[in-house]
Amino acid sequence: MKVGLEIHVTLNTKSKLFCTCSTTNALPNTNVCEVCLGFPGSKPTVNKEAVRQCTLLARALNFTVKNNLVFSRKSYFYPDLSKNYQITQFEEPLGVNGSIIADGNIRLKRIHLEEDPAQIIRNNKTLIDYNRSGMPLAEIVTEPDIKSAEQARLFMNKLSRILKYLNITDNVKADVNVSIKESGYSRCEIKNVTGFKDIERAIISEAKRQKKAVENNEKIQNATYGWDPLKQKTYVMRLKESEADYGYIYDPDLPIIKIPTQFLKEKLPELSDEKIARYTKQGVPLSDADIIAQDKDIAELFEQINLDPVFKAKWFRREILRVLNYNNQTILQSKFTKENVSKVLNLVYENKINEAVGKKLLEKLVVEDFDVEKHVKEHDLLKIDDSDLIKKVTAEVLKNNNSAVNDYLSGEQKALNFLFGLVMRQTKGKADPGIIRENLQAELDKLKSK
Ligand SMILES: [Zn+2]
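Numbered according to the numbering used here, the sequence shown spans residues 1 to 450.
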């Protein structure tokens, strides 16, 4: 299988690409002006922040960034395009020859800036919302280097991480090219698939469709398909047009602009791959490092906590992420802070509370910030490491539960767990489970040998 993607990323700017209209959600056709509606005589001006974000993204994706910004008009007639042309970059894109490593090197042909067309809404009638017209997009075009749906998923995971680390939304739409060996790589394009998950699903579904067609001796037509996210299936839209059909011309309203040097030199944040490399160097297992670095905010909290990296990585992966998922919250939405998480992990690390108590504390802290040390004192949660007490409680439990003891001695393993539970309960869950189990076993062995 060969897959190539044209991915449109919505940049995270306050205003549109060529006018001052807001990019926030609003009632249909209220975020509009003469520029984004294409009134005769209106003149576009370039949004600097969009250029900055596209330049940073290009650099993070290893593109060679051009010095000049050159815009062209892509002419076509469609109701979502009131100017009858889309302002884009064609002959001279902002960046060329980038790459992403995702189970092999995936070459990125180009990245360029362009405006989004309006949104067509079809229910019983056809409606158009021009709020989207002129929204800033970065388009990334890959070479057909992706060889499986699995590799496509890894690729998109990498791209999604980079977007998040750069504070660009991971709002994406893609045109997906799929061809299979069995058909001699006859290319089909699926237009406008929204979201990373559906891009992967569309690839799987389209490859399956093509295989079936070849098996039935049908010819794979070089055509454009749509994606139905409800049916999870592709459908034929039209036979393919070529780029020449669009009649590109340089846009006479937009002079060539030099990309500001500060955008070319601005320091890129440390990205996910670099963080993973740094964490694994500190001894953190790759699988833990990968999951922690997936989210920039989690990675930042992880780095702020001063503790043995392997220990805290285990707690982040198993507990912090579990509690966040369970509460359906991001780290920023939660009440976790550097201070409260650090206190809990330190108490566990220093063996002052046991793991079960630590987990319970995190489950509370995710929804409510409180003074951890005070709470531990008030609720008497410090671990008992008094083995005399454990011995005493164990002796009492054995004395008062003759039938369970006899069950165990006659070979019922379950009785051991029952007795263990009783000792745990009597020490209020604060004693070291390992010591309890050891003690209990030793006492029972004594009885057995009698
Ligand atoms: Zn506007």
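We put the CB at the ideal spot given by N, CA and C, even for glycine.
When the beta-carbon positions are compared, cysteine 21 and proline 44 stay at least 8 Å from each other. If you measure from each CB to the nearest heavy atom of ligand 1, the residues under 6 Å come out as Lys16, Cys19, Cys21, Val32, Cys33, Val35, Cys36 and Gly134. For glutamate 319, the CB contacts under 7 Å within the same chain, skipping 5 residues up- and downstream, are Lys359 and Leu362 in chain order. Shortest Cα-Cα distance from serine 133 to any of Asp80, Asn439, Tyr248 and Lys147 involves Asp80. For valine 178, the uninterrupted beta strand (DSSP E) run begins and ends at 172-179, by DSSP. Residue Glu115 holds the alpha-carbon nearest to the alpha-carbon of tyrosine 85 among Glu115, Thr194 and Val178. When Phe418, Ile190, Asn346 and Ala118 are compared, the shortest CA-CA separation from tyrosine 235 is found for Ile190.
DSSP places cysteine 54 inside the alpha helix (DSSP H), whose first and last residues are 48-60. Per DSSP, the beta bridge partners of valine 236 are Tyr225. When the alpha-carbon of alanine 152 is set against those of Ile204, Lys164, Asn97 and Ala431, the nearest one is in Ile204. Residue pairing from DSSP places serine 75 in a beta bridge opposite Tyr85.
Counting along the chain, the unbroken beta strand (DSSP E) around glutamine 119 starts and ends at 119-122. Valine 366 is a Cβ neighbour of phenylalanine 336, given a cutoff of 8 Å. For histidine 375, the enclosing alpha helix (DSSP H) begins and ends at 372-378. The way I'd put it, the segment 438-445 does touch the segment 410-425; three or more beta-carbon pairs between them come closer than 8 Å. Residue Lys275 holds the alpha-carbon nearest to the alpha-carbon of phenylalanine 302 among Val323, Val193 and Lys275. Around the Cβ of serine 179, a 10 Å sphere holds 16 or more other Cβ atoms; the residue is buried. Its chain contains Asn84, Tyr85, Tyr246 and Gly247 as the residues whose beta carbon lies nearer than 7 Å to that of serine 75, once the 5 sequence neighbours on both sides are disregarded; these appear in chain order. Residue pairing by DSSP puts alanine 431 in a beta bridge opposite Ile384.
Its chain contains Lys335, Thr337 and Asn340 as the residues whose beta carbon lies nearer than 7 Å to that of aspartate 369, once the 5 sequence neighbours on both sides are disregarded; these appear in chain order. Secondary structure note for glycine 358: its alpha helix (DSSP H) is the uninterrupted segment 355-365.
For lysine 281, there is no enclosing beta strand (DSSP E); the residue is part of the alpha helix (DSSP H) that begins and ends at 272-281.
Apart from sequence neighbours up to five positions away, the residues of its chain that approach glutamine 304 with a beta-carbon distance below 7 Å are Lys338, ordered along the chain. With respect to arginine 110, phenylalanine 263 sits apart: the two C-beta atoms are not nearer than 8 Å.
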